[in-house]
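A.B. asks:
There are 2 protein chains.
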Amino acid sequence: MKTRGIEASLREQGLRMTRQRKILLELLEQSGAHLDAEHLYRLARERDPKLNRVTVYRTLKLLKDSGLVDELDLMHWEGEAHYYETRMKQEHAHVVCLRCGKVEEFYGEPLRRMRRQIENHLGFQVLMVRTEAGGYCSHCRVLRAREMEQAAEGARVRNARRTKR
Amino acid sequence: MKTRGIEASLREQGLRMTRQRKILLELLEQSGAHLDAEHLYRLARERDPKLNRVTVYRTLKLLKDSGLVDELDLMHWEGEAHYYETRMKQEHAHVVCLRCGKVEEFYGEPLRRMRRQIENHLGFQVLMVRTEAGGYCSHCRVLRAREMEQAAEGARVRNARRTKR
DNA sequence: GTTAGTGCAAACCTTTTGCAGCTCT
DNA sequence: AGAGCTGCAAAAGGTTTGCACTAAC
Numbered sequence: 001m002k003t004r005g006i007e008a009s010l011r012e013q014g015l016r017m018t019r020q021r022k023i024l025l026e027l028l029e030q031s032g033a034h035l036d037a038e039h040l041y042r043l044a045r046e047r048d049p050k051l052n053r054v055t056v057y058r059t060l061k062l063l064k065d066s067g068l069v070d071e072l073d074l075m076h077w078e079g080e081a082h083y084y085e086t087r088m089k090q091e092h093a094h095v096v097c098l099r100c101g102k103v104e105e106f107y108g109e110p111l112r113r114m115r116r117q118i119e120n121h122l123g124f125q126v127l128m129v130r131t132e133a134g135g136y137c138s139h140c141r142v143l144r145a146r147e148m149e150q151a152a153e154g155a156r157v158r159n160a161r162r163t164k165r
Numbered sequence: 001m002k003t004r005g006i007e008a009s010l011r012e013q014g015l016r017m018t019r020q021r022k023i024l025l026e027l028l029e030q031s032g033a034h035l036d037a038e039h040l041y042r043l044a045r046e047r048d049p050k051l052n053r054v055t056v057y058r059t060l061k062l063l064k065d066s067g068l069v070d071e072l073d074l075m076h077w078e079g080e081a082h083y084y085e086t087r088m089k090q091e092h093a094h095v096v097c098l099r100c101g102k103v104e105e106f107y108g109e110p111l112r113r114m115r116r117q118i119e120n121h122l123g124f125q126v127l128m129v130r131t132e133a134g135g136y137c138s139h140c141r142v143l144r145a146r147e148m149e150q151a152a153e154g155a156r157v158r159n160a161r162r163t164k165r
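Residue numbers (this note's numbering), protein chains in the order written: chain A, 1 to 165; chain B, 1 to 165.
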């Protein structure tokens, strides 16, 4: 959804498209990445140094409640911040590397099928589904194995020392 | 996994099974429900009034990092608290009613299939998958429709008043 | 006797709230 | 005028940290 479309959505709800909201929406759309409130705030201040952190939070809440952006946790990869993305794309899962923080998106039939099954089996009217996976990306998997090996080595040394004494 | 099994897991990592941890683990297992830190703390204090809130947090973190319990957000239904459940059961999704807060669990093939696809397509080693859906349960769906109707009615009245003036 | 774990107080970080002033319409 | 919106300061909510003391191994 373009900023235009979002503006229309806001208007329908009797809400206004202010200078601040325009800045925040543009940043959210440009950045393909997943921004958290603080990051978004810093970017926004580059365009308008007076823009307040509170406005960022209020805007994000508004957009979230209007269903215009989705809120993610990314498996709490570093801290409790929430990440936001505009709701333009197809439903997808987020896969986070717990070592390097890389985020990949996963599209696929199982997601849609799950939504349908939840609706049919549980009688829920599903408004949002959030699927997040945590693990190690192909790159970090190797490095991780090496790290574990070294940790085990360290433990062996420590144990040996203890036994000797 | 029984408390026994968890105790063994802790021991393997050179960790200790203290009175406090035993209490917390038992509570987590007994309660089929999804407890948050505060709730767990209150229950724990009934058994040991001196047990500190900080210990609850530290224990939960420990168990989470050891992969012995899973951490949920339940779509941030009321606040930012995290909910915990022991990792005994099969992989499942949590479906939260955004009106009454009821939580249902969903088991099914799509979940397992999704995990496999993420591993195959993205080359990730998946350690945890968390799927949460938000919506309205069959009961609240009806009530919700009624509420929306009343809200719309209210808006009509307000608009009429404004136009008249 | 070591090392891990606990309790207490205080800090921390993210997010929300109250309120006066501003700005669209 | 009247509603929505912003900025500022202050509070809230959930969680973590530093440190001295205690308990498990």
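Here a beta-carbon is modelled for each residue, glycine too, at the ideal position from N, C-alpha and C.
When you compare the CB positions of LYS122(A) and GLU104(B), do they come within less than 8 Å of one another, or not?
C.D. replies: In the first sequence, residue 122(A) corresponds to position 122, counting from 1. In the second sequence, residue 104(B) corresponds to position 104, counting from 1. Reading off the sequence, residue 122(A) comes out as Leu, not Lys. A contact, by the Cβ cut-off of 8 Å.
A.B. asks: Against chain B, with Cβ distances strictly below 8 Å, would ALA133(A) count as a contact?
C.D. replies: The count along the first sequence starts at 1 and reaches residue 133(A) at position 133. Yes - at least one Cβ of chain B is within 8 Å of the one on ALA133(A).
A.B. asks: Can you check whether the CB of ALA44(A) is closer than 8 Å to the CB of LEU27(A)?
C.D. replies: Looking up residue 27(A) in the first sequence gives position 27. Looking up residue 44(A) in the first sequence gives position 44. Yes, they are a contact pair.
A.B. asks: Hey, could you find the ends of the alpha helix (DSSP H) GLN20(B) is sitting in?
C.D. replies: Residue numbering aside, residue 20(B) sits at position 20 when the second sequence is read from its first letter. Taken as a continuous stretch (DSSP letters only), the alpha helix (DSSP H) holding GLN20(B) covers 19-30.
A.B. asks: Can you tell which of ALA37(B), LEU15(B), MET75(B), MET148(B) has the C-alpha that lies nearest to the C-alpha of VAL96(B)?
C.D. replies: Counting from 1 along the second sequence, the entry for residue 96(B) is found at position 96. That would be MET75(B), whose Cα lies nearest to the Cα of VAL96(B).
A.B. asks: Give the interface partners of GLN125(B) over in chain A, defined as CB-CB distance under 7 Å, in chain order.
C.D. replies: Indexing the second sequence from 1 puts residue 125(B) at position 125. Those are GLY135, TYR136, ARG141, listed as they occur along chain A.
A.B. asks: For PRO110(A) and chain B, any beta-carbon pair shorter than 8 Å?
C.D. replies: In the first sequence, residue 110(A) corresponds to position 110, counting from 1. Yes, contact with chain B.
A.B. asks: Tell me whether the stretch 32-39 of chain A and the stretch 81-90 of chain A touch, counting them as touching only if at least three CB pairs, one residue from each stretch, are closer than 8 Å.
C.D. replies: As far as the Cβ criterion goes, the stretch 32-39 of chain A touches the stretch 81-90 of chain A, which means the pair count is three or higher.
A.B. asks: Inspect the beta-carbon positions of GLY135(B) and VAL126(A) and report whether they are closer than 8 Å.
C.D. replies: As a position in the second sequence, residue 135(B) is number 135, starting the count at 1. As a position in the first sequence, residue 126(A) is number 126, starting the count at 1. Result yes, Cβ atoms of GLY135(B) and VAL126(A) sit closer than 8 Å.
A.B. asks: For a cutoff of 8 Å on Cβ pairs, would you count MET128(A) as touching chain B?
C.D. replies: Position 128 of the first sequence, counted from the start, is the residue given in the question as residue 128(A). At least one chain B Cβ lies under 8 Å of MET128(A).
A.B. asks: Could you name the residues of the same chain whose beta carbon sits closer than 6 Å to that of LYS164(A), not counting the 5 residues immediately before and after it, in chain order?
C.D. replies: Working through the first sequence from its first residue, we reach residue 164(A) at position 164. Summary for LYS164(A): the model assigns pLDDT 48, below 50, so the residue's position carries little reliability, and this model does not support an answer.
A.B. asks: Is DSSP giving TYR136(A) helix, strand or coil here?
C.D. replies: As a working mapping, residue 136(A) is identified with position 136 in the first sequence. Three-state DSSP puts TYR136(A) in a strand.
A.B. asks: Taking the Cβ atom as the reference point for each residue, do ALA81(B) and GLU29(B) lie within a distance shorter than 8 Å?
C.D. replies: Indexing the second sequence from 1 puts residue 81(B) at position 81. Indexing the second sequence from 1 puts residue 29(B) at position 29. Contact flag unset, no.
A.B. asks: Apart from the five residues on each side of it in sequence, which residues of its chain come closer than 7 Å, Cβ to Cβ, to ILE6(A)?
C.D. replies: Position 6 of the first sequence, counted from the start, is the residue given in the question as residue 6(A). LEU25, LEU68.
A.B. asks: LEU177(B) lies in the beta strand (DSSP E); which residues open and close that run?
C.D. replies: An answer regarding residue 177(B) cannot be provided, because it is not within the stretch 1 to 165 covered by chain B.
A.B. asks: Is GLN150(B) close to chain A? Criterion is C-beta to C-beta, closer than 8 Å.
C.D. replies: In the second sequence, counting from the first residue as 1, residue 150(B) sits at position 150. So no, GLN150(B) is outside the interface.
A.B. asks: Can the beta-carbon of LEU72(A) be found closer than 8 Å to that of ALA93(A)?
C.D. replies: Taking the first residue of the first sequence as 1, we reach residue 72(A) at position 72. Taking the first residue of the first sequence as 1, we reach residue 93(A) at position 93. Contact: no.
A.B. asks: CB GLU53(B) to CB TYR41(B), shorter than 8 Å?
C.D. replies: Position 53 of the second sequence, counted from the first residue, corresponds to residue 53(B). Position 41 of the second sequence, counted from the first residue, corresponds to residue 41(B). For clarity, residue 53(B) is Arg in the given sequence; the question names Glu instead. Their beta carbons are under 8 Å apart, which means ARG53(B) touches TYR41(B) by this criterion.
A.B. asks: Once the 5 residues before and after GLN13(B) are set aside, which same chain residues still bring their CB inside 7 Å of it?
C.D. replies: What you label residue 13(B) is simply residue 13 of the second sequence in a count that begins at 1. Contacts found: SER66.
A.B. asks: Residues in the same chain with beta-carbon distance under 7 Å from TYR107(B), minus the five sequence neighbours each way, listed in chain order, please.
C.D. replies: Taking the second sequence and counting its residues from 1, the one referred to as residue 107(B) is at position 107. Result list for TYR107(B): GLN90, HIS92, in chain order.
A.B. asks: Thinking C-beta only, is ILE23(A) closer than 8 Å to LEU51(A)?
C.D. replies: In the first sequence, the residue the question calls residue 51(A) occupies position 51. In the first sequence, the residue the question calls residue 23(A) occupies position 23. Yes, Cβ-Cβ distance for LEU51(A) and ILE23(A) is below 8 Å.
A.B. asks: Could you give the first and the last residue of the continuous beta strand (DSSP E) run that contains GLN84(B)?
C.D. replies: Position 84 of the second sequence holds residue 84(B). This sequence places Tyr at residue 84(B); Gln is not what is there. Element bounds for TYR84(B): 83-86.
A.B. asks: By the DSSP assignment, the alpha helix (DSSP H) with ALA37(A) in it spans what residues?
C.D. replies: Counting from 1 along the first sequence, the entry for residue 37(A) is found at position 37. Run containing ALA37(A): 37-47, per the alpha helix (DSSP H) assignment.
A.B. asks: Less than 8 Å between CB atoms is the rule here; does VAL103(A) satisfy it with respect to chain B?
C.D. replies: Start at 1 with the first residue of the first sequence, and residue 103(A) comes out as number 103. No, no contact with chain B.
A.B. asks: Helix, strand or coil: how does DSSP classify HIS94(B) here?
C.D. replies: Within the second sequence, the letter at position 94 stands for residue 94(B). Residue state, collapsed to three classes: strand.
A.B. asks: Taking the alpha-carbon of PHE124(A) as reference, which of ARG144(B), MET148(B), GLN150(B) has the nearest alpha-carbon?
C.D. replies: Along the first sequence, read from residue 1 onward, the residue named residue 124(A) stands at position 124. Comparing Cα positions, the closest option is ARG144(B).
A.B. asks: Please list the partners that VAL95(A) has in chain B, where partner means a Cβ-to-Cβ separation under 7 Å.
C.D. replies: If you number the first sequence from 1, residue 95(A) lands on position 95. The contacting residues are ILE118, LEU122, PHE124.
A.B. asks: State the Cα-Cα distance for the pair CYS100(B) and GLU109(A), rounded to the nearest angstrom.
C.D. replies: Translated into the one-based positions of the second sequence, residue 100(B) becomes position 100. Translated into the one-based positions of the first sequence, residue 109(A) becomes position 109. If I take the Cα positions, the gap works out to 30 Å.
A.B. asks: Comparing the C-beta of GLU80(B) with each C-beta of chain A, is any distance below 8 Å?
C.D. replies: If you number the second sequence from 1, residue 80(B) lands on position 80. Chain A contact via Cβ: present.
A.B. asks: Alpha carbon to alpha carbon, how far is TRP77(A) from ASN120(A)?
C.D. replies: Start at 1 with the first residue of the first sequence, and residue 77(A) comes out as number 77. Start at 1 with the first residue of the first sequence, and residue 120(A) comes out as number 120. Distance between the alpha carbons of TRP77(A) and ASN120(A): 33 Å.
A.B. asks: Give the straight-line distance between the Cα atoms of ALA8(A) and ARG19(A), rounded to the nearest whole angstrom.
C.D. replies: For the purposes of this step, residue 8(A) is taken as residue 8 along the first sequence, with counting starting at 1. For the purposes of this step, residue 19(A) is taken as residue 19 along the first sequence, with counting starting at 1. Distance between the alpha carbons of ALA8(A) and ARG19(A): 15 Å.
A.B. asks: Are there 16 or more other CB atoms within 10 angstroms of the CB of LEU15(A), so buried, or fewer, so exposed?
C.D. replies: The residue given as residue 15(A) occupies position 15 in the first sequence. Under this definition LEU15(A) is an exposed residue.
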